[in-house]
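What follows is a short report on a single structure.
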Amino acid sequence: MKQFIARIAASVLALSAVAGPPAAAQTAAVSQAAAKPAAQGDAPHSWIDPLTGHRIVRITKQAGSQSLYFHQNPYTPQGDMMVITTPDGIAKVRLRDWKLMPLVNDRDAELLFTGRKTRTAYFSKPASGGGTTIFGVDIDSGKIRRIATLAEGSIGSINADETLLLGQWAERNPPLQPGGDMQKHGDPAYAAKGPDGQPLSYAEAKEVRLDQRLEARIPMEIFTIDIRTGERKVVIASTDWLNHVQSSPTDPGLIMYCHEGPWHKVDRIWTIRTDGTGNTRVHTRSMNMEIAGHEFFSPDGKWIWYDLQTPRGEDFWLAGFEIATGKRRWYHVERNQWSVHYYQSPDMTRFSGDGGDSEMVAHAPDGKYLYLFTPKDIPDVAGIHADNAADLISPGTLQPEKIVDMRNHDYKLEPNITFTPDGKWIVFRGNMEGEAHVYAAELAPAAEAAR
0 MKQFIARIAA SVLALSAVAG PPAAAQTAAV SQAAAKPAAQ GDAPHSWIDP
50 LTGHRIVRIT KQAGSQSLYF HQNPYTPQGD MMVITTPDGI AKVRLRDWKL
100 MPLVNDRDAE LLFTGRKTRT AYFSKPASGG GTTIFGVDID SGKIRRIATL
150 AEGSIGSINA DETLLLGQWA ERNPPLQPGG DMQKHGDPAY AAKGPDGQPL
200 SYAEAKEVRL DQRLEARIPM EIFTIDIRTG ERKVVIASTD WLNHVQSSPT
250 DPGLIMYCHE GPWHKVDRIW TIRTDGTGNT RVHTRSMNME IAGHEFFSPD
300 GKWIWYDLQT PRGEDFWLAG FEIATGKRRW YHVERNQWSV HYYQSPDMTR
350 FSGDGGDSEM VAHAPDGKYL YLFTPKDIPD VAGIHADNAA DLISPGTLQP
400 EKIVDMRNHD YKLEPNITFT PDGKWIVFRG NMEGEAHVYA AELAPAAEAA
450 R
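If you read the sequence shown in numbering that gives the first Met the number 0, its first letter stands for residue 0, the second for the next number, and so on.
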């Protein structure tokens with residue numbers, strides 16, 4: 000998902016809430032296919048992963064299709080439909096049978112997210128006179144409404160009751176990689192030299208470019224736009240690099256955002272109210288080279304979860320912060336199970352992880368899998384508690400299960416797992432067949448699901 004860095008001068012029209020008929024989120028059995036995918040061009044619709052025993056479904060037919068970034072909601076409130084990007088525009092997917100149908104036939108349409116209250120998918124397009132226009136499309140009827148025209152700027156989220164758009168602005172937007180080409184997945188082809196004059200790895204070169212952007216101290220703002228009135232309000236302004244804006248899935252007035260840059264340098268994760276009050280740092284570093292990031296809300300909006308490393312690249316945790324109480328839970332993660340992104344199941348009993356390759360921060364020798372994690376708390380021995388146990392971090396471990404073999408996947412395209420609303424499948428991006436497609440994997444093993 001592109002990050003949003005430009006100024007808005009908005010003229011906003013009211014958006015009427017469009018609620019479609021409720022529909023149960025169900026999964027349908029898919030036909031038994033080959034034990035592994037065939038070559039690109041004749042790949043079966045579904046197969047059983049020979050390593051994990053889980054069914055994989057390739058949802059898309061057009062190469063270059065992608066699902067949304069992991070914390071951008073792609074599902075309808077009723078849990079029956081999902082929206083994705085295709086080379087032709089935007090498509091909807093019926094979850095009970097994975098039927099894909101066009102929704103917006105416009106190659107310039109950039110899918111943003113779906114609403115949590117109405118059956119609306121939001122997208123942006125370049126405006127004819129310059130700038131950007133934000134639209135909403137009814138997922139059932141295909142009817143499109145114009146929401147706002149932005150002279151400059153982009154929108155990154157919408158709040159829980161779909162009354163406020165959330166965006167960010169930067170005075171200027173220098174390229175992260177000066178003169179660099181773009182990879183197919185949209186990131187720069189990072190390259191830089193270290194202090195010794197020798198070329199750095201892709202990952203280290205990216206850190207250099209992120210630090211240069213941070214140190215440019217470009218004025219930025221996070222702002223809201225009231226969909227009903229068109230009023231623009233600045234939530235926070237800074238010369239720090241503000242990024243990764245998210246709205247709480249349940250609290251219409253709560254925002255999470257990050258201070259972007261090298262993770263071991265910045266205090267990354269923050270929350271703030273839409274009126275600009277309550278600016279709160281979620282995690283405070285306690286050792287040099289400690290990093291925290293790729294933060295996301297729990298489905299009920301009560302917790303914030305994030306990747307924590309103490310220190311970077313050595314010891315790995317999935318860390319949680321309870322917003323109301325400040326309580327913390329840390330689940331230890333083994334090196335090979337470290338993941339670029341984690342996410343939480345709708346019933347909040349399990350987590351997903353999308354793995355990573357050996358060049359990433361964990362340098363995992365065998366980490367290219369999609370995982371399902373079951374958290375396990377570490378209890379007090381013999382029921383004996385420290386006097387201040389309630390004030391301490393609650394530790395635990397994650398019990399892993401491999402769901403998808405990703406050893407043929409290029410991790411420059413991050414899988415960005417989400418759970419389907421019924422919690423029975425994960426949806427992800429993949430290029431293990433050569434080109435980018437959208438896939439689903441059934442969490443119950445195929446043999447068990449067939450019973």
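Backbone N, C-alpha and C fix where the C-beta goes; we use that ideal spot for every residue, glycine too.
Beta-carbon proximity list for residue i, same chain, < 6 Å, skipping 5 on both sides
i: glycine 319; result: Trp302, Trp304, Arg328
i: leucine 67; result: Pro73
i: glutamine 308; result: Ile290, Phe315
i: serine 393; result: Arg328
i: proline 251; result: Asn158, Ala159, Asp160
i: histidine 116; result: It should be pointed out that residue 116 corresponds to lysine in this sequence rather than to histidine. Result list for lysine 116: Asp160, Glu161, in chain order.
i: leucine 209; result: Gly260, Pro261
i: arginine 406; result: Lys367
i: valine 233; result: Glu220, Phe222
Residue i - DSSP class collapsed to helix/strand/coil
i: lysine 91; result: strand
i: aspartate 299; result: coil
i: valine 244; result: strand
i: glutamine 343; result: strand
i: glycine 382; result: helix
i: glutamine 308; result: strand
i: asparagine 104; result: strand
i: alanine 443; result: coil
i: tyrosine 201; result: helix
i: alanine 448; result: helix
i: glutamate 294; result: strand
i: glutamate 214; result: helix
i: glutamine 65; result: strand
i: aspartate 376; result: strand
i: alanine 159; result: coil
i: glutamate 206; result: helix
i: aspartate 79; result: coil
i: aspartate 390; result: helix
i: threonine 228; result: coil
i: tryptophan 46; result: strand
i: glycine 52; result: coil
i: tryptophan 97; result: coil
i: proline 187; result: strand
C-beta contact flag for residue i and residue j at 9 Å
i: serine 297; j: methionine 255; result: no
i: serine 127; j: phenylalanine 134; result: no
i: valine 339; j: methionine 81; result: no
i: isoleucine 271; j: threonine 279; result: yes
i: tyrosine 370; j: isoleucine 322; result: no
i: asparagine 287; j: glutamate 259; result: no
i: alanine 147; j: glycine 229; result: yes
i: isoleucine 383; j: glycine 395; result: no
i: tyrosine 342; j: phenylalanine 112; result: no
i: leucine 213; j: lysine 264; result: yes
i: glutamine 453; j: proline 194; result: Because the chain here runs from 0 to 450, residue 453 falls outside it and cannot be looked at.
i: glycine 178; j: glycine 166; result: no
i: proline 374; j: tyrosine 438; result: no
i: glutamate 441; j: valine 207; result: no
i: alanine 202; j: glutamate 358; result: yes
Neighbourhood of residue i by C-beta distance below 7 Å, restricted to the same chain and skipping five residues each side
i: leucine 99; result: Ile58, Thr59, Ala90, Val92
i: valine 332; result: Phe315, Trp316, Leu317, Leu397
i: serine 237; result: Met219
i: phenylalanine 418; result: Tyr342, Ser344, Pro345, Ser351, Ile425
i: glycine 312; result: Val360, Ala361, His362
Whole-Å CB distance - residue i paired with residue j, under 8 Å assumed
i: glycine 292; j: tryptophan 337; result: Not a contact, Cβ separation roughly 13 Å.
i: threonine 84; j: glutamine 71; result: Between glutamine 71 and threonine 84 the Cβ distance is about 11 Å, and since that is not below 8 Å, they are no contact.
i: alanine 150; j: glycine 129; result: 7 Å
i: isoleucine 235; j: glycine 275; result: 6 Å
Spatial neighbours of residue i in its chain, beta-carbon cut-off 8 Å, leaving aside the 5 residues before and after
i: leucine 102; result: Val82, Gly88, Ile89, Ala90, Lys91, Ala120, Val136, Ile138, Gly141
i: histidine 408; result: Lys367, Pro414, Gly429, Asn430, Met431
i: arginine 171; result: Ile217
i: arginine 106; result: Pro86, Asp87, Gly88
Any non-hydrogen atom of the ligand MN closer than 8 Å to residue i Cβ
i: arginine 227; result: For the structure depicted, the ligand MN is absent and the ligand set is empty, with no information on it obtainable.
### Message
My parser needs the beta strand (DSSP E) runs of 3 or more residues fully inside the stretch 310–371; what are they?
### Response
Runs found: 315–321, 327–332, 341–343, 350–352.
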